[in-house]
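Protein chains: 2
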Amino acid sequence: MSVNLTTLSNGFRIVTESMPGLQSAAIGIWVMAGARHERPEQNGIAHYLEHMAFKGTARRNALDIAEAIENVGGYINAYTSREVTAYYARVLKDDVPLALDVVADILRNPVFDVAEIEIERGVILQEIGQALDTPDDIIFDWLQEKAYPDHPLGRAILGAEERVRGFGRADLTGFVAEHYRPGQMVLSAAGAVDHDALVKAAEALFADMEPGAVPAAPLARFEGGESRSVKALEQAHFALAFESPNYADPAIHAAQIYATALGGSMSSRLFQEVREKRGLCYTIYAQAGAYADTGMMTIYAGTSGEQVQGLAEITVDEMKRAADDMRPDEIERARAQMKAGLLMGLESPSNRAERLARMIQIWGRVPGLEEVVEKIDAVSLSDVRDLAETIASRAPAALALYGPVESAPTLEALQTRRAA
Amino acid sequence: MSVNLTTLSNGFRIVTESMPGLQSAAIGIWVMAGARHERPEQNGIAHYLEHMAFKGTARRNALDIAEAIENVGGYINAYTSREVTAYYARVLKDDVPLALDVVADILRNPVFDVAEIEIERGVILQEIGQALDTPDDIIFDWLQEKAYPDHPLGRAILGAEERVRGFGRADLTGFVAEHYRPGQMVLSAAGAVDHDALVKAAEALFADMEPGAVPAAPLARFEGGESRSVKALEQAHFALAFESPNYADPAIHAAQIYATALGGSMSSRLFQEVREKRGLCYTIYAQAGAYADTGMMTIYAGTSGEQVQGLAEITVDEMKRAADDMRPDEIERARAQMKAGLLMGLESPSNRAERLARMIQIWGRVPGLEEVVEKIDAVSLSDVRDLAETIASRAPAALALYGPVESAPTLEALQTRRAA
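So, in structure tokens, the structure goes:
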């Protein structure tokens, strides 16, 4: 398996990795345009645009788009995150050229028909409703808002309902004009793919795009704060976040090892202390999320209203304890999990295509597995303990609570406990 | 890739498929013991047992179990469905013997410590709470209950809270003694695996199990009925089910093609009519589920309280229309999707191991892809139309509604519309 990268003269990049033994491929275009690239009045437009890409192009209506890929048994989809919007397909190997043609068509030639914009508004409002009806989904929007108040990174990807109600054609075309530049796009494919053939096809489809600057996304700063929404739910949903390394920070590897050892698996401290020893929850985990300029270590658990105070306190105590006595064997296990997880994850062409695209967008190149393994191996016990100490005691924090959370501690109370 | 099957003298089966190019493997044991094997007073015990398997064996406590697999970077998990309980791990190839040893240990030697049973009760009660807080999860339990009233297939996998509160050690050991017989178990592995080595290891671990008869699960009959739970949610959740072919019925392939064309993809009728043309929902789909002796075609959508009546009526009308005018091109597309979906899905060792196990349990052998493709290709347009006609107009139906569903039609009203 080897990675091939080609950059067209307008900055559009094509990255591929052929995977022997596969009969299928994943192919998509990752555009560096997500919720964090929106101005306040644009919040939700990156996601609305992702929906509208499927609603018709100069050559295909919505049904034609779906049929083109599904006639050959493939599937096509898209997602919007805070930093990117991705349009991707999974097809059998002979259908890669077709998949590229469709993905290129929906990106280059969307018509944004006003009647279709109206219909899609209803779809997106239902998507927002679905998120609001799912406590362990919506709580993360509230947490994000408290972590990054008054910043696009703190706003919901789906956008606020009132904004979504107001968007029109000009909002969509304006966002495309600002952000959908060839230098922001990476065509990525993994599996049964031929790099040279894809480059040739991509040249025909994308080489005519005008290069151009895009507005810089404002830098984010983790501020923190508390969101508490009391509601008669079965569970008290608890989410806690701390500022942690961004993905360009060398400390990111220590942060990932720490998150894995703290709450990334069955053998992790939080899983063992909160679930296995005390039976306080079904779900509990920690993860280290990262953006270009900031990072967010998140802990989530769902418990009962009677138990949420205890769970919150144990969580903070475990974080403090981890800073003091994290053991070498825990670090070694977390390392093994990260390395094996990476290897096993990359046996999926979809995961691999996504990683290729994101590595190109973040680093301009795709680090080999050996290089990543070296970095994971280079993290020392004291690196992890230092990071654990910062996060446990000093890093800015955000707290979100939802459900029967009347007795849950305030962020201030948790801060006092952290400082104790 | 070739499938190897070995049966030990006590009936325990080992099925494997080596996948060239992979560095990892999925391995697990599928036990034919799920919610449908529970007597009423046992409801929830199969799932409780799945949890307790991880809480300690004669050789390993809960932390040892997790660490054994996670030290080598793998992961271990389990699930309970209505017909099976599965315990499985994903590991790098050199760790397959270790994974088998751990999975065998938790199945053969669980200690069911009474203190651990008590702690795990809290975990399971939180799992039930999480399901209750997720409308598009819990609605399917209510739908299932109406489809199969007074039958174990109609009861929740997690069990009712009051039952879970009452279970003790004897309930667990009793269910194991009744159902965890070697003839009910299939050890399945796919990826970088060696059949002969696994058989040898499995002989040492399982050949001493006593064969024995298990109580037959009572036959299920789809009856139908209506469940309506009015609640102030954002969305009106709508789930409709119809009796459809069981998995031994040759009509199962027509049912799957029909479900795909009706609501299995973006180009499907329901997606196009309800979402793309009218914007009434974000999520809508149809799927053909099957059990040993019955089947359940399910349609789900989430919409607003104002739109749920219209959505329900359009859904029924589309089903009737499909019975009249389903076109050859729709059937061909559904065929292509099923075939490519199967091929692409089997590029994952986890999916492949699961399919191997289930095919052995259902058919006693693993049909090759060519054989499945032949059966999919053999379905005619009239097969699909006949099935669509039965489901649209005559098959018993169940309806579940949750949220602001005051204006949703009754099942009786939908039945009248079906018959019209």
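Top line first, the protein sequences correspond to chains A and B.
According to this note's numbering, the residues represented by the first sequence are 1 to 420, in order.
According to this note's numbering, the residues represented by the second sequence are 1001 to 1420, in order.
Yeah, the Cβ is synthetic: ideal placement off N, Cα and C, and Gly gets one too.
Computed from a predicted model, the values in this text were never measured in an experiment.
Measuring alpha carbon to alpha carbon, tell me which residue in the options is nearest residue i.
{"i": "Ala239 of chain A", "options": "A:Arg36, A:Val3, A:Ala147, A:Gln337", "result": "A:Ala147"}
{"i": "Gln1307 of chain B", "options": "B:Cys1281, B:Ala1290, B:Tyr1285, B:Asp1293", "result": "B:Cys1281"}
{"i": "Arg1039 of chain B", "options": "B:Arg1269, B:Gly1174, B:Pro1020", "result": "B:Gly1174"}
{"i": "Ser382 of chain A", "options": "A:Val274, A:Ala398, A:Pro328", "result": "A:Pro328"}
{"i": "Val1015 of chain B", "options": "B:Gln1023, B:Leu1022, B:Ile1027", "result": "B:Ile1027"}
{"i": "Ile1065 of chain B", "options": "B:Gln1042, B:Asp1101, B:Lys1277", "result": "B:Asp1101"}
{"i": "Arg394 of chain A", "options": "A:Arg165, A:Ala286, A:Ile252, A:Lys320", "result": "A:Lys320"}
{"i": "Ala357 of chain A", "options": "A:Ala288, A:Ala290, A:Gln184", "result": "A:Gln184"}
{"i": "Tyr180 of chain A", "options": "A:Phe12, A:Pro97, A:Arg417", "result": "A:Phe12"}
{"i": "Pro182 of chain A", "options": "A:Asp377, A:Leu205, A:Asp196, A:Val193", "result": "A:Leu205"}
{"i": "Ile1391 of chain B", "options": "B:Ser1380, B:Ala1241, B:Ala1290, B:Val1405", "result": "B:Ala1241"}
{"i": "Ala1353 of chain B", "options": "B:Val1091, B:Glu1276, B:Tyr1247", "result": "B:Val1091"}
{"i": "Thr315 of chain A", "options": "A:Asp293, A:Glu330, A:Arg278", "result": "A:Arg278"}
{"i": "Leu1233 of chain B", "options": "B:Pro1020, B:Leu1198, B:Tyr1402, B:Val1372", "result": "B:Tyr1402"}
{"i": "Ala419 of chain A", "options": "A:Arg355, A:Ser304, A:Ala323", "result": "A:Ala323"}
{"i": "Met1338 of chain B", "options": "B:Phe1271, B:Trp1363, B:His1253", "result": "B:His1253"}
{"i": "Met1266 of chain B", "options": "B:Val1384, B:Asn1043, B:Glu1223, B:Glu1330", "result": "B:Glu1330"}
{"i": "Asp1150 of chain B", "options": "B:Glu1041, B:Ala1288, B:Gln1023, B:Ala1340", "result": "B:Glu1041"}
{"i": "Ile1106 of chain B", "options": "B:Asp1095, B:Ala1089, B:Glu1118", "result": "B:Ala1089"}
State buried or exposed for residue i, treating a residue as buried only when at least 16 other CB atoms are found within 10 Å of its CB.
{"i": "Lys55 of chain A", "result": "buried"}
{"i": "Thr1410 of chain B", "result": "exposed"}
{"i": "Lys1093 of chain B", "result": "exposed"}
{"i": "Thr57 of chain A", "result": "buried"}
{"i": "Arg1155 of chain B", "result": "buried"}
{"i": "Gly1159 of chain B", "result": "buried"}
{"i": "Thr416 of chain A", "result": "exposed"}
{"i": "Ser407 of chain A", "result": "exposed"}
{"i": "Ser1380 of chain B", "result": "exposed"}
{"i": "Glu17 of chain A", "result": "buried"}
{"i": "Glu1347 of chain B", "result": "buried"}
{"i": "Ala162 of chain A", "result": "Residue identity check: residue 162 of chain A is Glu in the sequence provided, not Ala. Burial call: exposed."}
{"i": "Ala1177 of chain B", "result": "exposed"}
For residue i, go through chain D and note every residue whose CB falls closer than 9 Å to its CB, in chain order.
{"i": "Val1123 of chain B", "result": "Absent from the structure: chain D. Protein chains present are A and B."}
With a cut-off of 8 Å on the beta carbons, I'd call residue i and residue j a contact; round off their distance for me.
{"i": "Ala301 of chain A", "j": "Ile284 of chain A", "result": "4 Å"}
{"i": "Leu1143 of chain B", "j": "Ala1400 of chain B", "result": "4 Å"}
{"i": "Gly295 of chain A", "j": "Ala236 of chain A", "result": "Contact doesn't hold; Cβ gap of about 26 Å is too wide."}
{"i": "Thr80 of chain A", "j": "Glu120 of chain A", "result": "Actually they are not in contact, since the Cβ atoms of Thr80 of chain A and Glu120 of chain A sit about 14 Å apart, beyond 8 Å."}
{"i": "Val274 of chain A", "j": "Leu219 of chain A", "result": "Val274 of chain A to Leu219 of chain A, Cβ: 35 Å. No contact."}
{"i": "Met1052 of chain B", "j": "Pro1110 of chain B", "result": "6 Å"}
{"i": "Ala1099 of chain B", "j": "Gly1074 of chain B", "result": "6 Å"}
In chain B, which residues lie with their C-beta within 9 Å of the C-beta of residue i?
{"i": "Pro20 of chain A", "result": "Pro1020, Gly1021"}
{"i": "Arg165 of chain A", "result": "Here the premise fails: no neighbours, minimum Cβ distance about 13 Å."}
{"i": "Ala66 of chain A", "result": "Ser1265, Met1266, Ser1267, Ser1268, Phe1271, Gln1272, Glu1276"}
Using the beta-carbon of each residue, which ones in chain B are nearer than 8 Å to residue i?
{"i": "Ile29 of chain A", "result": "Ordered by position in chain B, no residue passes the 8 Å Cβ test against Ile29 of chain A, which lies about 18 Å from the chain."}
{"i": "Arg59 of chain A", "result": "Correct list: empty, because the minimum Cβ distance to chain B is about 16 Å."}
Could you list which residues in chain B have their beta carbon closer than 7 Å to that of residue i, in chain order?
{"i": "Asp133 of chain A", "result": "Pro1135, Leu1233, Glu1234, Gln1235"}
{"i": "Gln287 of chain A", "result": "The premise fails here: Gln287 of chain A is roughly 15 Å from chain B at the closest Cβ pair, so nothing lies under 7 Å."}
{"i": "Gln272 of chain A", "result": "Leu1063"}
{"i": "Met344 of chain A", "result": "Ser1024, Arg1090"}
{"i": "Tyr247 of chain A", "result": "Correct list: empty, because the minimum Cβ distance to chain B is about 22 Å."}
{"i": "Tyr180 of chain A", "result": "Within 7 Å Cβ-Cβ: nothing; Tyr180 of chain A doesn't reach chain B, min ~22 Å."}
Run through chain A and tell me which residues come within less than 8 Å of residue i, C-beta to C-beta.
{"i": "Val1072 of chain B", "result": "Ala336, Ala340"}
{"i": "Gly1302 of chain B", "result": "Gln126, Gly129, Gln130, Asp133"}
{"i": "Ile1119 of chain B", "result": "Glu276, Lys277, Arg278, Gly279"}
Just the chain A side, please: which residues come within less than 7 Å of residue i by C-beta, in chain order?
{"i": "Glu1347 of chain B", "result": "Leu22, Ser24"}
{"i": "Arg1358 of chain B", "result": "Simply none; closest approach about 21 Å."}
{"i": "Arg1327 of chain B", "result": "Here the premise fails: no neighbours, minimum Cβ distance about 12 Å."}
{"i": "Tyr1087 of chain B", "result": "Ordered by position in chain A, no residue passes the 7 Å Cβ test against Tyr1087 of chain B, which lies about 13 Å from the chain."}
{"i": "Tyr1079 of chain B", "result": "Those within 7 Å of Tyr1079 of chain B in chain A number zero; the least Cβ separation is about 13 Å."}
Is it the case that the CB of residue i approaches a heavy atom of the ligand COA more closely than 6 Å?
{"i": "Gly166 of chain A", "result": "Of the ligands one can find in the structure shown there are none, so the ligand COA has no counterpart to examine."}
Item to check | Contact the region 1165-1183 of chain B vs the region 1110-1119 of chain B: 3+ CB pairs below 8 Å | outcome: In the pairwise beta carbon analysis, the region 1165-1183 of chain B is classified as touching the region 1110-1119 of chain B: at least three pairs are separated by under 8 Å.
Checklist entry - Does the region 30-37 of chain A come close enough to the region 77-88 of chain A that 3 or more CB-CB pairs lie under 8 Å? => result Contact between the region 77-88 of chain A and the region 30-37 of chain A is present, because at least three Cβ pairs lie under 8 Å.
Checklist entry - Pairing CB atoms from the region 1257-1274 of chain B with CB atoms from the region 1327-1341 of chain B, are three or more of them under 8 Å? => result yes
Checklist entry - Would you call the region 203-218 of chain A and the region 365-381 of chain A touching, i.e. three or more CB-CB distances under 8 Å? => result no
Checklist entry - Three or more beta-carbon pairs under 8 Å between the region 56-63 of chain A and the region 122-133 of chain A, yes or no? => result no
Item to check | Given 8 Å, three or more beta-carbon pairs between the region 180-192 of chain A and the region 64-74 of chain A | outcome: Because the criterion of three Cβ pairs below 8 Å is not met, the region 180-192 of chain A and the region 64-74 of chain A do not touch.
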